[in-house]
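Colleague: Take this structure, written in structure tokens, and hold onto it; I'll ask about it next.
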Amino acid sequence: MKIATWNVNSIRTRLEQVIDWLSQNPVDVLCLQETKVVDNDFPRSPFENLDYNLYLSGQKAYNGVALISRQPLIDVSTGFSAVLPNLDPQWDEQKRVITGVIDGIRIVNLYVPNGSAVGSEKYEFKLRWLTVLREYLRSLLLVQPAICMCGDFNIALEAKDIHEKVNPENHIMASESERQALRDVLELGFADAFRKFTTEGGHYSWWDYRAAAFRRNLGWRIDHHYLTPVLYERATSCIIDVAPRKLTQPSDHTPVIVELGIGSGA
């Protein structure tokens, strides 16, 4: 089974690129972030013409996540509150979470808040959002041990995930508080699929549009697949496909694909 994650930075702007990529790379599940469109306006037909099923959670102009799957998914839900019913509604005002099950594997597709700047209100919101994510996953794990958590995490967990040395005290996406919040999530039993196969630095999934960052490979690795042990053992590859980033007017992110070998989902 192949599962891809891709922050497309507007599905309507990037539709042709996404469809071309999916036609050439017919993954089992494609997890999209930053779709930036309400569900009724999502361009469904091109995906349905490729025999994919769509599960959407979008909003106008910002955020938005989608699961696009060859097989129908079961137990699909959006937001945290489907699992944490007593949660403050503010945590689901932004469309950042969607999950579903395929072949006994629960896929959790996330668009983690960026945080804007260390110390800002948006930064504090990001840290609290990650604590809510931890409780959400803890509840999911009680009934489903096979989870692939993927998406745009807006956090580079290690120094080698960034092209340059940054001060972890004041750099957004690399501050120690952000990294620790993500580590706390991963301590529930998740491991980085990419690092199972590639240990060296220099591999990135996001490059700023400015300063010819992609051409100079001045990137960050902030898009991840995190797997629970039963799936981590099954992982046979995890790659970053940089080809879409070379296109004209691309997303600033590029797809990351994990492949799971045959095994019992649970």
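Mapping to the UniProt record's numbering: the sequence shown position 108 is 108, numbers consecutive.
Just so it is clear, CB atoms sit at the ideal spot from N, CA and C, and this is done for glycine as well.
The structure presented is a predicted model; accordingly, all values stated were derived computationally and were not measured.
1. Which residues in the same chain have their Cβ closer than 8 Å to the Cβ of Ala266, if we skip the five residues on either side of it in sequence?
2. Could you spell out the range, first to last residue, of the beta strand (DSSP E) harbouring Gln33?
3. Taking C-alpha atoms, which residue in Trp129, Leu140, Leu110, Cys238 lies nearest to Leu56?
4. Name the two residues that bound the continuous beta strand (DSSP E) containing Trp6.
5. Secondary structure at Asn53, three-state DSSP: helix, strand or coil?
6. Can you tell me whether Val166 is helix, strand or coil according to DSSP?
7. By Cβ distance, which residues of its chain are closer than 6 Å to Trp21, with the 5 residues on each side in sequence left out?
8. Please classify Asn7 as buried or exposed, where buried requires at least 16 neighbouring CB atoms within 10 angstroms.
9. Within the continuous alpha helix (DSSP H) that includes Val132, where are the two ends?
10. Taking the C-alpha atoms as reference points, what is the distance between Thr5 and Thr254?
11. Which word fits Gly202, buried or exposed, when buried means at least 16 other C-beta atoms lie within 10 angstroms of its C-beta?
12. Which first and last residues belong to the alpha helix (DSSP H) in which Ile11 is found?
13. Within its chain, find whatever has a CB closer than 7 Å to the CB of Val185; leave out the 5 residues flanking it on each side and keep chain order.
14. Does DSSP put Val76 in a helix, in a strand, or in coil?
15. Under three-state DSSP, which class holds Tyr232?
16. Drop a sphere of 10 angstroms on the beta-carbon of Gln180, count the other beta-carbons inside from all chains shown, and report buried for 16 or more, exposed for fewer.
17. Please classify Ile74: is it buried, with 16 or more other beta-carbons within 10 angstroms of its beta-carbon, or exposed?
18. Which of the three DSSP states is assigned to Ala266 in this structure?
Modeller: In short, the structure shows the following:
1. The residue you call residue 266 lines up with position 266 of the sequence shown. For Ala266, the predicted model reports a pLDDT of 46, less than 50, meaning its position is unreliable; a value from the coordinates is still stated below. Sequence-distant partners of Ala266 (beyond 5 residues in either direction) whose C-beta falls short of 8 Å from its own C-beta, in its chain, are Gly104, Gln144, Pro145, Ala146, Val230.
2. Numbered from 1 along the sequence shown, position 33 holds the residue referred to as residue 33. Run containing Gln33: 29-33, per the beta strand (DSSP E) assignment.
3. For the purposes of this step, residue 56 is identified with residue 56 of the sequence shown, where counting begins at 1. The candidate whose alpha carbon is nearest that of Leu56 is Leu110.
4. The residue you call residue 6 lines up with position 6 of the sequence shown. DSSP places Trp6 inside the beta strand (DSSP E), whose first and last residues are 2-7.
5. On the sequence shown, position 53 is the one that residue 53 refers to. DSSP places Asn53 in strand when its eight states are reduced to three.
6. As a working mapping, residue 166 is identified with position 166 in the sequence shown. Val166 falls in the coil class under three-state DSSP.
7. By one-based count along the sequence shown, residue 21 stands at place 21. For Trp21, same chain residues with a beta-carbon under 6 Å away, outside a window of 5 residues either side, are Pro244 in chain order.
8. Within the sequence shown, the letter at position 7 stands for residue 7. Buried is the call here.
9. In the sequence shown, counting from the first residue as 1, residue 132 sits at position 132. Under the DSSP assignment, Val132 falls in the alpha helix (DSSP H) whose first and last residues are 121-141.
10. Here residue 5 is taken as the residue at index 5 of the sequence shown, counted from 1. Here residue 254 is taken as the residue at index 254 of the sequence shown, counted from 1. Straight-line Cα distance between these residues: approximately 8 Å.
11. Numbered from 1 along the sequence shown, position 202 holds the residue referred to as residue 202. Of the residues assessed, Gly202 falls on the exposed side of the cut-off, its CB having fewer than 16 other CB atoms within 10 angstroms.
12. The sequence position of residue 11 within the sequence shown is 11, counting from 1. Counting along the chain, the alpha helix (DSSP H) containing Ile11 begins and ends at 11-24.
13. In the sequence shown, residue 185 corresponds to position 185, counting from 1. Within the same chain, Val185 has close Cβ partners Leu130, Leu133, Arg134, Leu137.
14. Translated into the one-based positions of the sequence shown, residue 76 becomes position 76. It is a strand residue.
15. Within the sequence shown, numbered from 1, the residue matching residue 232 stands at position 232. Here Tyr232 sits in helix by DSSP.
16. As a position in the sequence shown, residue 180 is number 180, starting the count at 1. Classification for Gln180: exposed.
17. Stepping through the sequence shown from its first residue, residue 74 is reached at position 74. Here Ile74 is exposed. Its C-beta has fewer than 16 other C-beta atoms within 10 Å.
18. For this step, residue 266 is matched to residue 266 along the sequence shown. Note that Ala266 scores a pLDDT of 46, beneath 50, so its modelled location is shaky; the value from the coordinates is reported in the next line. In the structure shown, Ala266 sits in coil (DSSP, three-state: anything other than H, G, I, E or B).
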